[in-house]
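**Student:**
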Amino acid sequence: MAESDFYQNVWALVRQIPPGRVCTYGFIARYLGSGRSSRLVGWAMNVSHGQTPEVPAHRVVNRLGMLSGKAHFGHPNQMQELLESEGVVVLDDCVQDFQARLWDPAIELRY
DNA sequence: TGAATGACTCGAT
DNA sequence: GATCGAGCCATTC
Numbered sequence: 020m021a022e023s024d025f026y027q028n029v030w031a032l033v034r035q036i037p038p039g040r041v042c043t044y045g046f047i048a049r050y051l052g053s054g055r056s057s058r059l060v061g062w063a064m065n066v067s068h069g070q071t072p073e074v075p076a077h078r079v080v081n082r083l084g085m086l087s088g089k090a091h092f093g094h095p096n097q098m099q100e101l102l103e104s105e106g107v108v109v110l111d112d113c114v115q116d117f118q119a120r121l122w123d124p125a126i127e128l129r130y
């Protein structure tokens, strides 16, 4: 039973992140109600592999903009390449202009 | 059933 | 200002 509603909500939210933008675990966790469930968001990403439709987990980084989850992709560089292909500049596993690229669901989906 | 783990975050030193 | 430790919550062993 690795598919709780929490995962579904996380995936649904991540899928709404527009290309070229990124989001953080903490923001997602907070938006879903439990600001302290950031680790569960990471869990959801772990399970999201092979999901359909695909979950753009590469657009989710930690609060510092670091690609902390790149090791869980097929290839460590895959996450960075996916982001760069969408226009996100990645340097040393960190998203450049992170503040500008940040996509906050609490603001973007408030309308 | 209890203990350990994890793609995180915050507060204290 | 940087580093260390504890908390959180669902899943797994």
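Heads up, the first sequence is in the numbering used here, so the first residue is 20 and it goes up one at a time. We treat Cβ as the ideally placed atom computed from N, Cα and C, and that holds for glycine.
#1: What's the gap between the Cα of glutamate 103 and the Cα of glycine 39?
#2: Just reading off the alpha helix (DSSP H) that glutamate 73 is part of, what are its end residues?
#3: Put histidine 121 into one of helix, strand or coil per three-state DSSP.
#4: Can you grab the Cα-Cα spacing for the pair valine 74 / tyrosine 130, in whole Å?
#5: For asparagine 81, which option in Ile36, Ser57, Tyr26 and Ala125 has the closest C-alpha, if you only look at C-alpha atoms?
#6: Would you say glutamine 99 and aspartate 112 are within 9 Å of each other, going by their C-beta atoms?
#7: Would you say the beta carbon of leucine 110 is closer than 8 Å to some non-hydrogen atom of the ligand MG?
#8: Roughly how many angstroms lie between the CA atoms of tyrosine 50 and aspartate 116, to the nearest whole one?
#9: Quick one: residues in its chain with C-beta nearer than 6 Å to the C-beta of glycine 84, no 5 flanking neighbours on either side, listed in chain order?
#10: What are the uninterrupted segments assigned as alpha helix (DSSP H) that are 4 or more residues long and contained completely in the stretch 31 to 113, given in chain order?
**Tutor:** Considering the structure as presented:
#1: Counting from 1 along the first sequence, the entry for residue 103 is found at position 84. Counting from 1 along the first sequence, the entry for residue 39 is found at position 20. The alpha-carbon atoms of glutamate 103 and glycine 39 are separated by roughly 8 Å.
#2: Indexing the first sequence from 1 puts residue 73 at position 54. It is not in any alpha helix (DSSP H) - glutamate 73 carries neither H nor E in the DSSP assignment.
#3: For this step, residue 121 is matched to residue 102 along the first sequence. For the record, residue 121 in the displayed sequence is leucine; it is not histidine. Note: leucine 121 maps to strand in three-state DSSP.
#4: Mapped onto the first sequence, residue 74 falls at position 55. Mapped onto the first sequence, residue 130 falls at position 111. Between the C-alpha atoms of valine 74 and tyrosine 130 there is a straight-line separation of about 23 Å.
#5: Mapped onto the first sequence, residue 81 falls at position 62. It is Ser57 whose Cα lies nearest to the Cα of asparagine 81.
#6: As a working note, residue 99 is residue 80 in the first sequence. As a working note, residue 112 is residue 93 in the first sequence. Less than 9 Å divides the Cβ of glutamine 99 from the Cβ of aspartate 112.
#7: Because no ligand of any kind appears in the structure shown, any question about the ligand MG cannot be addressed here.
#8: Taking the first sequence and counting its residues from 1, the one referred to as residue 50 is at position 31. Taking the first sequence and counting its residues from 1, the one referred to as residue 116 is at position 97. Distance between the alpha carbons of tyrosine 50 and aspartate 116: 22 Å.
#9: Residue numbering aside, residue 84 sits at position 65 when the first sequence is read from its first letter. Answer for glycine 84: Cys113, Val114 and Phe117, listed in chain order.
#10: Counting whole runs of 4 or more residues, the stretch 31 to 113 contains the alpha helix (DSSP H) stretches 44 to 50, 57 to 66 and 95 to 104.
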